[in-house]
Every structure is written in structure tokens, then in C-alpha cells.
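A short worksheet on the structure shown next.
Chains as they are written, first to last, in my numbering: chain A, -5 to 300; chain B, 31 to 220.
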């Protein structure tokens, strides 16, 4: 019953959707740069500031994430089981072992971050370690390690950089309209035209911001599915990851929102989204709905069983 | 991983490297002359059983698949992390290596390749108590060896392990990355 590995590893529909999401983001980059050029002023300034922000977010991603989650790095002596699981998964996948952290919070979740696989950190909350059995915890960690292998921090930083740029453009446009509008109000038609152009710029860049944000979220959802898939293939049992998801997501739904809002900023690196969004929030969600993830995993299970 | 795989969020499954295993019998001679360690006659193969290996859903199926001759003592156990261990008994280190390699090859042919984690060969002092037991662990995906010398109570004799490395560097492909010298507590190989 030898089967070709490539057949299992590839999900063409997922690849195609991811490709077009990425392509749309690149097109947006081009549009934003032309909008910047049409404004003329502040181009270098905008790029330097945005670039520095994006880069530091990328470069310090592990520290920022650990800090905002109050997570502490743990040694093998402190958390032998967690380390043992990560050790084995990394050796199976032949990837460098990331640092391992634990966040002392009851909310069941896990995340992985870091700019490269070598600088990565994988972290589980105390809550998830309590709630899941060893095999399910292993499945969750396999999902997180797949994020590391896919370099999702780099990909998502670049993607959300588009949104940041768009936001900056709209803010700078607004700022110059207010200042420029006050100072040049009496100059007649020429001044009005400039105001109109700048107003149009604001509207356009806000529209771009919303679209860019939606695309980034779509990309994030696709990458979650991709990490589910790679993680499930790594442990060889999609059903175990599915059961972990049900446990974690089921519990998360029951916890009051007030506890969860603290971790809002971390959503896109989580195993399960910390915020339970309504149906209207679907387009702006970092994670695919549970049912979509479970369906994808059971499809994979069928593929593996050939 | 290539750029395309990164952009599309894919990972390739890793195939095991089996060939470096055959250097072990030579290394066993060095272990005996330098550290007075001889083969315990046991070796284990550690792998993660997954879905889809339908023909091998039970341990009996797996034993049948590997098709050892009747003289070989084989047992299969599952450890506390859900990994399966195929343990083989054979007093001769060369044929032990050959059997483990044969089991590996069969498992790769049946699609188990990415699931293989490591093979472990037990070494014990020729004149007990000596300095304690040493397991030589072969990492399948890396194709490298490292020594593991547990001393009970989840402690390991790192000094002895490093000494083993020094003696075997010539004979074996030793794992250079010390962070990969994974601890295997409660392993079923003597």
C-alpha cells in the first residue's frame, strides 16, 4: 500500500486560493505605492517609518509575543513532557528545535512565533496542557511547528504590512488636508482641487485598508488550514488534531469574553482564536470556522486511508 | 524548504536516511576496546503509527508485515507518548543492525518512511557494574548517531556520553547538534 507522498502533501484548492490571495496583496502594494507617489510629499518618510515598524514587529516577534502573553521560556527539567513532545516532533520533521515556553493562564491555547525557524518559540498555555491528553497536545504542537516551518510570521508580517501602509497613507492624507485646507482655503479653484484630490485619496486609502485587512485575514485563515494539514500529516493522525480542536474551541466558547479580550492582539498566532466572533465577523476572522477545519481534517483522513 | 512551499504553506515529508546504520558494528568494536561496552543484544525501532496504515492497524499485522524468521524474538510496545517500539533480540550486533535495517526498509516501502523517529541499540558494561549502560540512538531523519546514558530517575550521564562521542567520531556519523540528543526516558530497549 505504498502511496506517493506528494499526493498527500498537496491540497490544490488551498494552494490556488492562497496564491490568489497573495497575488491580490501584491497588486495592492502597487496601488498603494502609486497613491503615495500621487501625493508626492513624504514618500521616503512614509516608507522609512512603515518599514521600521514592520521590521521591528518581524524581528522581535518572539519577544513581543512572549511578553504580551506573559509566557516564560521553560527548560527540559521544568517541563519534561512538553520538551519531549517537541523534541520528537522536530526530529520527525527534521527541523531545528525552537525554544519552548509556557504561559501561566487557564485559557486553553498555544502559539508559535519568531522570525526564522532558528529563532522560533513555541508556547502552550497551562490551560491547554491541563485540558488535552498527551496525543492531542502533540497534535496542537505539530500545528504550531508547521506555522514555524511555513514561516508564517514572515508571510503574515509582509501581508499585514500592506494594511499598515494603507493606514499610514490615509492618515497622512487626512493630516495634510486639515493643515493644507486651513492654510490655503482662500486660493480659489486650485486649492479646492487639491482638497478634492486629497479627500479622494482618503476615501480610496480607507477602502484599500479595509480590502487589505480582509485579504490579510483570508490569508491568515488559509495558513491556519495549511498548518492544520501539515501538522496532521506530521503526526499521521488528522483525527487527533480534530479532537484537540473540538476540545479547545468548545471550551473557548464557554469562557466569558472579558477574560479573552486581553489577548486580542495575539489572535493571528493562536491555535484557536481567542475572540468568539459572530457570523458577521467571518470576513475579518483570523481563523477559519471550526467546522471548516474539521471538514478539511476528515478529508485528509480519508486521503491518508486511501 | 523552497520559496514556493513557503508561499503556499506546505511542508515536505522527510524521508529517512538509513545507510549510516551499517557503520555501527565497527563502532561496537571501538566501544568494547575503549569503554568495555558490549551489545546488550537488544535493539529497538521507534516510530509514530498514523492513520492510513490500514494493513498494519494491529501489532500482529505489523509483525507479519516485517516477516522475521521464527528464530528472532520480536515484541512491539507503545510508550507513554504514543510512539510504537519494535524491539528485536539478537546477540550478534551485525545481524541486529541488518535486521533493524531490514525492518526500516520494509516500513519505508509500505509508506511508513516519514513516521520513523529513531533506532536504539543497547550497550552494557562487559564487566558490570562498569560505568553504566549506554544506548546508541540512530536518528532516522538526520542519519546520525548519539549516545544516551540514562542513570535512572530521569538523569543522564552527560560526561560518559561526551566520552563516547570522542571515541566514536571516527567510526560513526555523530549528531553534531547537541540539542538533538533527545532524552528517551523509560525506553523499552535494554
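Glycine included, C-beta positions come from ideal geometry on N, C-alpha and C.
Assigned secondary structure, residue i (DSSP; H/G/I helix, E/B strand, else coil)
i                      : result
residue 77 of chain B  : strand
residue 70 of chain B  : strand
residue 165 of chain B : strand
residue 116 of chain A : strand
residue 197 of chain A : helix
residue 106 of chain A : strand
residue 55 of chain B  : helix
residue 130 of chain A : helix
residue 57 of chain A  : helix
residue 146 of chain B : strand
residue 14 of chain A  : helix
residue 44 of chain B  : coil
residue 124 of chain A : helix
residue 80 of chain A  : helix
residue 219 of chain B : coil
residue 280 of chain A : coil
residue 39 of chain B  : coil
residue 287 of chain A : helix
residue 72 of chain A  : coil
residue 209 of chain A : helix
residue 217 of chain A : helix
residue 90 of chain A  : coil
residue 299 of chain A : coil
residue 112 of chain B : coil
residue 293 of chain A : helix
Inter-residue Cα distance where the pair is residue i and residue j
i                      : j                      : result
residue 13 of chain A  : residue 242 of chain A : 30 Å
residue 290 of chain A : residue 131 of chain A : 19 Å
residue 214 of chain B : residue 168 of chain B : 12 Å
residue 301 of chain A : residue 119 of chain B : An answer regarding residue 301 of chain A cannot be provided, because it is not within the stretch -5 to 300 covered by chain A.
residue 136 of chain A : residue 72 of chain A  : 21 Å
residue 293 of chain A : residue 46 of chain A  : 42 Å
residue 143 of chain B : residue 239 of chain A : 27 Å
residue 21 of chain A  : residue 298 of chain A : 37 Å
residue 296 of chain A : residue 222 of chain A : 15 Å
residue 78 of chain A  : residue 68 of chain B  : 28 Å
residue 111 of chain B : residue 177 of chain B : 21 Å
residue 202 of chain B : residue 63 of chain A  : 44 Å
residue 187 of chain A : residue 205 of chain A : 27 Å
residue 91 of chain A  : residue 106 of chain B : 28 Å
residue 140 of chain A : residue 94 of chain A  : 15 Å
residue 98 of chain B  : residue 187 of chain B : 35 Å
residue 29 of chain B  : residue 173 of chain B : Only positions 31 to 220 of chain B appear in this structure, which leaves residue 29 of chain B out of reach.
residue 51 of chain B  : residue 51 of chain A  : 44 Å
residue 82 of chain A  : residue 212 of chain B : 8 Å
residue 121 of chain A : residue 287 of chain A : 22 Å
residue 200 of chain B : residue 220 of chain B : 26 Å
residue 112 of chain A : residue 84 of chain A  : 12 Å
residue 224 of chain A : residue 80 of chain B  : 14 Å
Under 7 Å from the C-beta of residue i: neighbouring residues of chain B
i                      : result
residue 140 of chain A : 41
residue 81 of chain A  : 212
residue 153 of chain A : The contacting residues do not exist; residue 153 of chain A stays about 11 Å from chain B at best.
residue 64 of chain A  : In chain order: nothing, as chain B lies at least about 26 Å away.
Opposing strand residues paired with residue i [DSSP bridges]
i                      : result
residue 105 of chain B : B:117
residue 177 of chain B : B:166
residue 66 of chain A  : A:96
residue 186 of chain B : B:180
residue 155 of chain B : B:67
residue 204 of chain B : B:175
Contact list for residue i against chain B, beta-carbon separation under 9 Å
i                      : result
residue 85 of chain A  : 147, 148, 169, 170, 171, 172, 210 and 212
residue 74 of chain A  : 184, 213 and 215
residue 149 of chain A : 36, 37 and 39
Contact set between residue i and chain A, taken where Cβ atoms lie within less than 8 Å
i                      : result
residue 112 of chain B : 128, 129 and 132
residue 127 of chain B : What residue 127 of chain B touches in chain A: nothing, since even the nearest Cβ is about 20 Å away.
residue 93 of chain B  : Result: empty, since nearest Cβ-Cβ is about 17 Å, beyond 8 Å.
7 Å Cβ cut-off: residues of chain A touching residue i
i                     : result
residue 44 of chain B : 87 and 88
Chain B residues whose Cβ lies nearer than 8 Å to that of residue i
i                      : result
residue 220 of chain A : 38, 39 and 40
residue 14 of chain A  : The premise fails here: residue 14 of chain A is roughly 11 Å from chain B at the closest Cβ pair, so nothing lies under 8 Å.
residue 78 of chain A  : 111, 212, 213 and 215
Short CB-CB distance (under 7 Å) between residue i and chain D
i                      : result
residue 217 of chain A : Here chain D cannot be found, since the structure's protein chains are A and B.
task = Below 9 Å between beta carbons is the criterion; list the residues of the stretch 166 to 185 of chain B that meet it against any residue of chain A, in chain order.
result = Only those residues of the stretch 166 to 185 of chain B whose C-beta falls short of 9 Å from the nearest C-beta of chain A are listed: 169, 170, 171, 172 and 184.
key: Where the stretch 191 to 210 of chain B meets chain A: residues whose CB sits under 9 Å from a CB there   = Hits within the stretch, in order: 207, 209 and 210.
message = Short of 7 Å Cβ to Cβ, which residues in the stretch 222 to 234 of chain A face chain B?
response = If the cut-off is 7 Å between Cβ atoms, the stretch 222 to 234 of chain A has 224, 227, 229, 230, 231, 232 and 233 near chain B.
task = Closer than 9 Å, Cβ to Cβ, to anything on chain A: give me those residues from the stretch 62 to 75 of chain B, in chain order.
result = Taking 9 Å as the cut-off between beta carbons, none of the residues of the stretch 62 to 75 of chain B comes near chain A.
Residues in the stretch 86 to 114 of chain A having any Cβ partner in chain B nearer than 7 Å = Flagged, chain order: 86, 87, 88 and 91.
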